[in-house]
Every structure is written in C-alpha cells, then in structure tokens.
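*Asks:* Note that the sequence shown covers residues 1 to 178 in the UniProt record's numbering. Sharing a structure here in structure tokens format.
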Amino acid sequence: MKKFKEFDIQFVGLKQGKHQFDFEIKQKFFDAFEFEEFNDANVHVDLTLDKKSTMLELTFECEGFVNVYCDLSNEPYDQEIKSKLHLLVKFGDEYNDENEEVLIIPHSEYQINVAQYIYEMIVLSVPNKRIHPGVKDGTLSTEILEKLEAFQPKEEKENKDGETDPRWDQLKKLLTDK
Numbered sequence: 001m002k003k004f005k006e007f008d009i010q011f012v013g014l015k016q017g018k019h020q021f022d023f024e025i026k027q028k029f030f031d032a033f034e035f036e037e038f039n040d041a042n043v044h045v046d047l048t049l050d051k052k053s054t055m056l057e058l059t060f061e062c063e064g065f066v067n068v069y070c071d072l073s074n075e076p077y078d079q080e081i082k083s084k085l086h087l088l089v090k091f092g093d094e095y096n097d098e099n100e101e102v103l104i105i106p107h108s109e110y111q112i113n114v115a116q117y118i119y120e121m122i123v124l125s126v127p128n129k130r131i132h133p134g135v136k137d138g139t140l141s142t143e144i145l146e147k148l149e150a151f152q153p154k155e156e157k158e159n160k161d162g163e164t165d166p167r168w169d170q171l172k173k174l175l176t177d178k
C-alpha cells in the first residue's frame, strides 16, 4: 500500500476526541486501483475520526462527481455523488475485516490506511443504471437514441371511429363464448 501513503492516518499520539481529515480524490486515485469505469473524478472526502479510549469511530462523507458513460446513449456525463460511511475500529489480537461496519486491528498498530474505504464508498455511491440527464429530460439527441426509438414496439391504435381491428374482435369473442 505504498502508493496510498497519503491515506495513512496515525492515530497514536492524537488526543481523545474528534479530528478532521480532508481528501481530494481525482482520477489518478482510481487508476491506482486499476478501476477503469470512470473517465474523470473530482470528489471531496471529509473524514471525522473520533478517538476514544478503546476504539476509533470513522465517519466518511463524500461529495462531488465522477464522469461515466451513459448506459443508453454511451455519451459521457458527470454523475453527481454524495455518500456517507460509518466505520468502527476496535483493537484485538489479529486483523479482521469480515464485518463491513467493524474493523479489528492488532493492538500493536499505530496507523490505519483509509484508501480502500474511500474507494469502496465512492464506487458504491454511483447508481447501477447510469442514465445521462439529457436522456431523462429529452434534450439529448444522438443517433443511438434515435435507433432505440425506431425499434421501440408500437402500440395497437384504435381507428378514428373508435373501432378496433375486426380480427381481434373475433378472437375476443372466443374468450367470452364458454
């Protein structure tokens, strides 16, 4: 974890109480994790470390954007993200991160690296289905969207007189004739 040295937080030597840490996350951070779904990123992370006598409470809050491709139009856009993560750090005999809300670290540790938690919080805050805002409000016009519209199934429309297709009327009679 040498590449994430700036995310090491040394809690030994800190007084009990709350301590603030700020991180600016850019695309370089995700490149280090070899995560290629984001084109660009600009996320501000506020970390509050509440040091207590027997444990640490970490509260991560992030806000910003990541540039991703739309799932419908394949156009890049900035997806706003906002997320919060709460983590308890307790001390034990050996390292254990099986529980996602509680991290157990050995008594001999003097620092904690928070890069993995920041990475997971940001990646999980992006929606599963990414849709460009222009698709939602109809302002985006691309060739792909026009093709999707052309291949969309058409609904059966009634005639101007309010009559339906006589073939369907005959089939409907079969359902009612019992």
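Ideal Cβ placement from N, Cα and C applies to all residues, glycine included.
Do residue 72 and residue 89 count as a contact pair if the criterion is CB distance below 8 angstroms?
*Replies:* For residue 89 and residue 72, no; Cβs fall outside 8 angstroms.
*Asks:* Would you mind giving the Cβ-Cβ distance between residue 23 and residue 118, rounded to the nearest angstrom? I have them listed as a contact below 8 angstroms.
*Replies:* Residue 23 to residue 118, Cβ: 7 angstroms. Contact.
*Asks:* Under a Cβ-count criterion, where at least 16 other Cβ atoms within 10 Å of its own Cβ denotes burial, should residue 175 be classed as buried or exposed?
*Replies:* Counting Cβ neighbours within 10 Å, residue 175 comes out exposed, since fewer than 16 surround it.
*Asks:* Could you check which residue in 29, 28 and 8 has the C-alpha nearest to that of residue 21?
*Replies:* Checking every option, the nearest Cα to that of residue 21 belongs to 8.
*Asks:* Taking the beta carbon of residue 41 as the centre, do at least 16 other beta carbons fall within 10 Å, making it buried, or is it exposed?
*Replies:* Residue 41 comes out buried.
*Asks:* Grouping DSSP H, G and I as helix and E and B as strand, with all else coil, what is residue 125?
*Replies:* Looking at residue 125 - three-state DSSP - the assignment turns out to be helix.
*Asks:* In the DSSP assignment, what residue or residues form a beta bridge with residue 61?
*Replies:* Residue 61 pairs with 46 and 84.
*Asks:* Out of 99, 52, 126 and 116, which has the shortest C-alpha to C-alpha gap to residue 64?
*Replies:* The candidate whose alpha carbon is nearest that of residue 64 is 126.
*Asks:* When the Cα atoms are used, what is the spatial distance from residue 159 to residue 152?
*Replies:* For residue 159, the predicted structure reports a pLDDT of 49, less than 50, and the residue's modelled location is therefore unreliable. The matter cannot be settled from this model.
*Asks:* State the DSSP-derived secondary structure class of residue 166, mapped to helix, strand or coil.
*Replies:* DSSP places residue 166 in helix when its eight states are reduced to three.
*Asks:* Considering only C-alpha positions, which residue in the set 171, 25, 80 and 150 is nearest to residue 132?
*Replies:* That would be 80, whose Cα lies nearest to the Cα of residue 132.
*Asks:* Which value, in whole angstroms, describes the spacing of the CA atoms of residue 4 and residue 26?
*Replies:* Approximately 13 angstroms, taken between the alpha carbons.
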